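Here the sequence shown stands for residues 1335 to 1453, where the numbers follow our numbering.
Here the structure comes first, spelled out in structure tokens, and everything after it is commentary.
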Amino acid sequence: ENIRRVGEVAHLFFENGNLALCTFISPFRADRELARALAPAGRFLEIFVKCDLEICKRRDPKGLYAKALAGEIKEFTGVSSPYEEPTHPEIVVETDLHSVEECVNQIVDELTRRGLLGV
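Right, here's the structure in full:
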């Protein structure tokens, strides 16, 4: 339901000529496809922020992965709840292989190339 709501709000931005960058955990392909369907044709870019699970655990400042692995958090995406990797994201940033700056530049470059961002 959250993903649908975000998609609806993003659609309002699109209708008013704005670019909406939405970030959220969306573990199911069907939810991401629903958000894609709400956007005007060619205006939805799925950005897959990819990172190895072991590195996610090491980077976790709140200890949520440890709690999920101990069974203290139910339905934790990637641990006790599934994550369906995107089958056709427009952009893949591999945060376990590249710096934050490199990942940001990759996204900005692609948005600029597609004429969605004027720099």
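All C-beta atoms, glycine included, are put in the ideal place defined by N, C-alpha and C.
All figures in this text were calculated on a predicted structure; none of them were measured in a lab.
Applying the criterion that 16 or more other CB atoms from any shown protein chain within 10 Å of the CB defines a buried residue, is residue i buried or exposed?
i     : result
L1454 : This structure cannot settle anything about residue 1454, because the visible part of the chain is limited to 1335 through 1453.
L1445 : buried
V1438 : exposed
I1389 : exposed
F1399 : The identity of residue 1399 in the sequence shown is Tyr, whereas the question assumes Phe. With 16 or more other Cβ atoms within 10 Å, it is buried.
V1413 : buried
V1343 : exposed
V1434 : exposed
Check the C-beta distance from residue i over to residue j and give it rounded, since I have them as a contact under 8 Å.
i     : j     : result
F1358 : V1340 : 6 Å
R1366 : E1349 : Going by Cβ atoms, the distance from R1366 to E1349 rounds to 21 Å, so no, they are not a contact pair.
L1368 : H1345 : Incorrect: roughly 11 Å between the Cβ atoms, too far for contact.
Give the DSSP-derived three-state secondary structure of residue i in the structure shown.
i     : result
V1434 : helix
V1340 : helix
S1441 : It is worth fixing the name first, because residue 1441 is Ile in this sequence and not Ser. I1441: helix per DSSP, three-state reduction.
E1428 : strand
F1348 : helix
K1391 : helix
Taking 8 Å as the limit between beta carbons, can you name the residues of its chain near residue i, skipping five residues before and five after?
i     : result
D1386 : D1430
I1425 : L1379, E1380, I1381, F1382, Q1440, I1441, E1444
Is residue i near the ligand FMN, going by C-beta to nearest heavy atom under 7 Å?
i     : result
V1340 : Although the ligand FMN was asked about, the structure shown includes no ligands whatsoever.
In chain order, what residues of the same chain lie with their CB nearer than 6 Å to the CB of residue i, ignoring the 5 residues before and after it?
i     : result
G1309 : The chain is shown from 1335 up to 1453; residue 1309 falls before or after that span and cannot be answered.
P1374 : F1348
P1420 : E1380, F1382
Spell out whether any CB of chain B is found under 8 Å from the CB atom of residue i.
i     : result
K1408 : Absent from the structure is chain B; it holds one protein chain and no more.
Assess, as a yes-or-no matter, whether the region 1397 to 1410 is touched by the region 1360 to 1380 under the definition of 3 or more beta carbon pairs within less than 8 Å.
no
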